[in-house]
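Colleague: I'd like to ask some things about the structure below.
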Amino acid sequence: MTTIKIPLTIDITAEQLKQIRQIEGVTEVSVTGDGQLVVIAEKDENDVISQVLNQINGFDAKLSVIESDFPVEKLTCGGCAASAERLLNNQPGVVTASVKFPTKSAKIYYLQNKTTPLKLKVALEQLGYELKI
């Protein structure tokens, strides 16, 4: 399961939420009290994430979501990758992140106006991992 969190700059309508729910692979859509759109997808598939982001960008042209792949050094096990992924997903401005131990890499979708690769690198250093930017 993948959770996508996006702070909205517009009010989203019931019809727009319905359009997001209709994307294949999306299992749940909600808006939090602080204006974040939360989308849960059944799989960690890039095409589902891209479709959701494209749909939302159609509603709110101010969103600038960047998709980037980064090598992650000093991962020694799958648990390390899971810890790094949790930390990245809890960073302000990160829409969703996935860290893979076998490839020692991270795929991160983030809001360009909310965070930077350098901020994410510094956050991962707290756990002893190195995001190569």
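For the sequence shown, full-length UniProt numbering assigns the number 1 to the initial residue and increments by one for each residue that follows. Cβ atoms here follow ideal geometry from the backbone N, Cα and C, with glycine treated the same way. Just so you know, these numbers come straight off a predicted model, no measurement behind them.
Cα-Cα, which of Lys121, Cys77, Leu37, Asp69 is closest to asparagine 46?
Modeller: Numbered from 1 along the sequence shown, position 46 holds the residue referred to as residue 46. The shortest Cα separation from asparagine 46 among Lys121, Cys77, Leu37, Asp69 belongs to Asp69.
Colleague: Would you give the residue range spanned by the beta strand (DSSP E) that leucine 87 belongs to?
Modeller: Mapped onto the sequence shown, residue 87 falls at position 87. From DSSP, leucine 87 is part of no beta strand (DSSP E) but of the alpha helix (DSSP H) over 78-89.
Colleague: Between leucine 37 and valine 29, what straight-line distance do the alpha-carbon atoms span, to the nearest angstrom?
Modeller: By 1-based counting over the sequence shown, the position of residue 37 is 37. By 1-based counting over the sequence shown, the position of residue 29 is 29. Spanning the two alpha carbons is a distance of roughly 7 Å.
Colleague: In terms of DSSP beta bridges, what is leucine 37 paired with?
Modeller: The residue labelled residue 37 in the question sits at position 37 within the sequence shown. Answer is Ile6, Val31, bridged to leucine 37.
Colleague: Specify, as a first and last residue, the run of the beta strand (DSSP E) that residue 166 falls within.
Modeller: Since the first and last residues shown for the chain are 1 and 133, residue 166 lies out of range.
Colleague: Can you check which of these residues, Gly35, Gly25, Ala41, is closest to threonine 13 by C-alpha distance?
Modeller: Your numbering for residue 13 matches position 13 in the sequence shown. Checking every option, the nearest Cα to that of threonine 13 belongs to Gly35.
Colleague: Classify glutamate 15 as helix, strand or coil using the three-state DSSP reduction.
Modeller: For the purposes of this step, residue 15 is taken as the residue at position 15 of the sequence shown. Helix, per DSSP.
Colleague: Where do the ends of the alpha helix (DSSP H) carrying phenylalanine 59 lie?
Modeller: The sequence position of residue 59 within the sequence shown is 59, counting from 1. Where phenylalanine 59 is concerned, the enclosing alpha helix (DSSP H) stretches over 46-59.
Colleague: So, are the CB atoms of glutamate 15 and threonine 27 less than 8 Å apart?
Modeller: Within the sequence shown, the letter at position 15 stands for residue 15. Within the sequence shown, the letter at position 27 stands for residue 27. The answer is no: Cβ separation not under 8 Å.
Colleague: Mind checking who alanine 100 pairs with in its DSSP beta bridge?
Modeller: Translated into positions along the sequence shown, residue 100 becomes position 100. According to the sequence as given, residue 100 is lysine; it is not alanine. Bridge partners of lysine 100: Ser105.
Colleague: Helix, strand or coil for isoleucine 66 per DSSP?
Modeller: Locating residue 66 in the sequence shown gives position 66, where the first residue counts as 1. In the structure shown, isoleucine 66 sits in a strand (DSSP, three-state: E or B).
Colleague: Starting from the Cα of asparagine 113, find the closest Cα among Glu85, Val52, Leu8 and give me that residue.
Modeller: As a first step, residue 113 is located in the sequence shown; it is residue number 113 there, counting from the start. Closest by alpha carbon: Leu8.
Colleague: Can you tell me which residues form a DSSP beta bridge with proline 92?
Modeller: Within the sequence shown, numbered from 1, the residue matching residue 92 stands at position 92. According to DSSP, which records beta bridges pairwise, proline 92 is partnered with nothing at all.
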